[in-house]
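Read the structure below first, then the notes.
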Amino acid sequence: DQQVKQNSPSLSVQEGRISILNCDYTNSMFDYFLWYKKYPAEGPTFLISISSIKDKNEDGRFTVFLNKSAKHLSLHIVPSQPGDSAVYFCAASTNAGNMLTFGGGTRLMVKP
Amino acid sequence: GAVVSQHPSRVICKSGTSVKIECRSLDFQATTMFWYRQFPKQSLMLMATSNEGSKATYEQGVEKDKFLINHASLTLSTLTVTSAHPEDSSFYICSAMLTSGYEQYFGPGTRLTVT
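Sequence order for the protein chains is D and G. Take 4 as the starting number for the first sequence in our numbering and just add one per residue. Take 73 as the starting number for the second sequence in our numbering and just add one per residue.
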């Protein structure tokens, strides 16, 4: 039972445009959500997170939106840059100190 | 951000031997560390949760006698793959959790190849 799903395995975007990566979850107990970026043969890098008490969190070019009623979150990257090309994982946690449940990842390709 | 290191980054070993992978939090103390395994083109699979000073908690399907985890200090956790087999070949990644709770910071990973 996949509690966190990223239904798009890949996404291709032109440089300068917006990249929107989506993530859906089924466990209503999740109260904290994170996005990680991963290059091949490297560990994931933390990007941005959001608590369930918020519906938006912004950090530079990255914005995460949370729709609790739809159990959906998304990561917006604008403007997209070629260096953003990587695999993006969303993750969710039920409470502080607990393990993360990862989605399957979405490979983002930003074309120059 | 917080820095986590792993050593070695790559290791090749023969079947039947044991391999130890170290995970260190360099600029913070981590009471909880996690060990993940990633198969090619797949997501991260949590293997176990490592708590300083206590036994690790293993996920279902992960053999605790095969994947020995020790978290002897607040900055170091080790994963030992015992009696390695070719099917153990994988990318192993550790993470450390800040005491504030949610964020995990990941190490760069260790590529294990068992011949």
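All C-beta atoms in this analysis are idealised placements derived from N, C-alpha and C, irrespective of residue type, glycine included.
Boundaries of the beta strand (DSSP E) harbouring residue 83(G): 82-85, taken from the DSSP string.
Contact between the stretch 77-94 of chain G and the stretch 111-129 of chain G is absent: fewer than 3 CB-CB pairs across the two stretches fall below 8 Å.
Residues of chain G with a Cβ closer than 8 Å to the Cβ of residue 102(D) are, in chain order, 106, 118, 121.
Within 10 angstroms of the beta-carbon of residue 101(G) lie fewer than 16 other beta-carbons, which makes it exposed.
With contacts defined by Cβ atoms closer than 9 Å, residue 167(G) and residue 143(G) do not form a contacting pair. Boundaries of the beta strand (DSSP E) harbouring residue 108(G): 104-110, taken from the DSSP string. The C-beta of residue 33(D) comes no closer than 9 Å to any C-beta of chain G. With fewer than 16 other Cβ atoms inside 10 Å of its own Cβ, residue 98(G) counts as exposed.
Straight-line spacing of the CA atoms in residue 94(D) and residue 130(G) works out to 19 Å. Between the stretch 42-61 of chain D and the stretch 13-21 of chain D there are fewer than three C-beta pairs closer than 8 Å, too few to call the two in contact.
Rounded to whole angstroms, the Cβ separation of residue 72(D) and residue 26(D) is 15 Å, and the two are not in contact under 8 Å. Annotated three-state conformation of residue 135(G) is coil, per DSSP.
Counting C-beta atoms within 10 angstroms of its own C-beta, residue 102(D) has 16 or more neighbours from the protein chains shown and is therefore classed as buried. The alpha-carbon of residue 81(D) is positioned some 11 Å away from that of residue 17(D). Within chain D, the residues placing a beta-carbon under 9 Å from that of residue 180(G) are 44, 45, 46, ordered along the chain. Here residue 62(D) carries a strand assignment [DSSP, helix/strand/coil]. A direct Cα-Cα distance of roughly 44 Å separates residue 65(D) from residue 155(G). Membership of residue 20(D) in any beta strand (DSSP E) is not indicated, and neither H nor E is assigned to it by DSSP.
The beta-carbon separation of residue 74(G) and residue 170(G), rounded to 6 Å, stays under the 8 Å limit for a contact.
A residue is called buried when at least 16 other Cβ atoms come within 10 angstroms of its Cβ; residue 32(D) does not meet this threshold and is exposed.
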